[in-house]
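Undergrad: Residue numbers (my numbering): 458 to 725.
I'd like to ask some things about the structure below.
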Amino acid sequence: MSKTTISHIEKLKAQDEKFSCLTAYDATFAQVISDAGVDVILVGDSLGNVIQGQETTVPVTLEDMEYHIACVANGVAAAERQCLIIGDMPYMTYNTPEEAYATARSIMQAGANMVKFEGGSWLLDTIRGLTERGVAVCAHLGLTPQSVDALGGFKVQGRDQKTAQTMIADAKALEQAGARMLVLECVPSELAAQITQAVSMPVMGIGAGVDVDGQVLVLHDMLGISPFQAKFVRNFMADANGNIQAAVELYHNEVKEMNFPAQEHSFE
Ligand code: KIV
Numbered sequence: 458m459s460k461t462t463i464s465h466i467e468k469l470k471a472q473d474e475k476f477s478c479l480t481a482y483d484a485t486f487a488q489v490i491s492d493a494g495v496d497v498i499l500v501g502d503s504l505g506n507v508i509q510g511q512e513t514t515v516p517v518t519l520e521d522m523e524y525h526i527a528c529v530a531n532g533v534a535a536a537e538r539q540c541l542i543i544g545d546m547p548y549m550t551y552n553t554p555e556e557a558y559a560t561a562r563s564i565m566q567a568g569a570n571m572v573k574f575e576g577g578s579w580l581l582d583t584i585r586g587l588t589e590r591g592v593a594v595c596a597h598l599g600l601t602p603q604s605v606d607a608l609g610g611f612k613v614q615g616r617d618q619k620t621a622q623t624m625i626a627d628a629k630a631l632e633q634a635g636a637r638m639l640v641l642e643c644v645p646s647e648l649a650a651q652i653t654q655a656v657s658m659p660v661m662g663i664g665a666g667v668d669v670d671g672q673v674l675v676l677h678d679m680l681g682i683s684p685f686q687a688k689f690v691r692n693f694m695a696d697a698n699g700n701i702q703a704a705v706e707l708y709h710n711e712v713k714e715m716n717f718p719a720q721e722h723s724f725e
């Protein structure tokens, strides 16, 4: 039995090796994903979309997250190879550092190894405080689904010079405050590559091209069972003759070998 740690993911970046991440929300899939060799599981608030059938992640509650993180932690604990588990902080549960500490306690006690939340420079004090208290933080820039209405829809972010420069500055500031990992969602490949070079923390992309340190996809999307397939998604189940275990293993190998994402899954 081996457990993937944050230091291990950091070491992969230092060695220029890619890492893989998938979302999971229950014990059975968590065990399958873990045993397939995937490095990280994200218990994402995307559960609002794929588990609850909501249009956005906004309705997801802290209780929802605690329940699904606990289920995933049980599945990972039963696996031979154990993924690192990241737990999302839901909408409006980290408005102040104090509120974020209470939310982080719930997420970590449910079984996560690291917490993730969405946003840039307004979170610096929160990240500093969590880091001082021994909580590892994954930041999330680009398309931040909890702000989808303010962003005017699910759109690629950082296309113009000004927003691109802000994103680069935010990424550096988040790292300086203590963030140990970064998710970049729906960001032009060139910008994602630039950010990945500019920071030492591992950067995982979703719709951010191949030149980041790792990839993350929503499980239901890569299995081809979500009703809508975004440009950045590949249906690995179709490429694995309908076998779930094989689809997850194929995803992991394709990420490691930089065959996924291809140009057709990326934004220029
Ligand atoms: O909630 C989620 O699944 C996420 C990923 C899309 C990165 O944040």
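Every residue gets a Cβ at the ideal spot worked out from N, C-alpha and C, and that includes glycine.
Hey, could you find the ends of the beta strand (DSSP E) G596 is sitting in?
TA: In the sequence as presented, Gly is not what sits at residue 596; that position holds Ala. Start and end: 594-599.
Undergrad: Using a Cβ-based criterion (distance less than 7 Å to any ligand heavy atom), does L499 qualify as near the ligand KIV?
TA: yes
Undergrad: Considering only DSSP beta bridges, list what K619 is partnered with.
TA: None; K619 has no bridge partner.
Undergrad: Looking only at C-alpha atoms, which of A527, T601, A569 sits nearest to G664?
TA: T601
Undergrad: Would you say the region 470-479 touches the region 648-665, given that touching needs at least three Cβ pairs under 8 Å?
TA: yes
Undergrad: Measure the alpha-carbon distance for I701 versus L674 and round it to whole angstroms.
TA: 15 Å
Undergrad: Who pairs with K573 in a beta bridge, going by DSSP?
TA: D545, C595
Undergrad: Mark I526 as exposed unless 16 or more other C-beta atoms lie within 10 angstroms of its C-beta, in which case mark it buried.
TA: Looking at its Cβ environment, which holds 16 or more other Cβ atoms inside 10 Å, I526 is buried.
Undergrad: In its own chain, which residues sit with a C-beta less than 7 Å from the C-beta of T550, not counting the 5 before and 5 after it?
TA: L519, E556, T560
Undergrad: Going residue by residue through the region 463-510, where are the continuous beta strand (DSSP E) segments of at least 3 residues, counting only ones entirely within it?
TA: 476-480, 497-500
Undergrad: Within 10 Å of its beta-carbon, does A484 have 16 or more other beta-carbons around it, so buried, or fewer, so exposed?
TA: buried
Undergrad: A634 and R585 look like a contact to me (Cβ under 8 Å); what is the Cβ gap, rounded to whole Å?
TA: 5 Å
Undergrad: Strictly by DSSP, which residues pair up with V660?
TA: L639
Undergrad: Distance, Cα to Cα, C540 vs F685?
TA: Approximately 27 Å between the Cα atoms of the pair.
Undergrad: In terms of DSSP beta bridges, what is L674 paired with?
TA: L479
Undergrad: Where does R691 fall in DSSP's three states?
TA: coil
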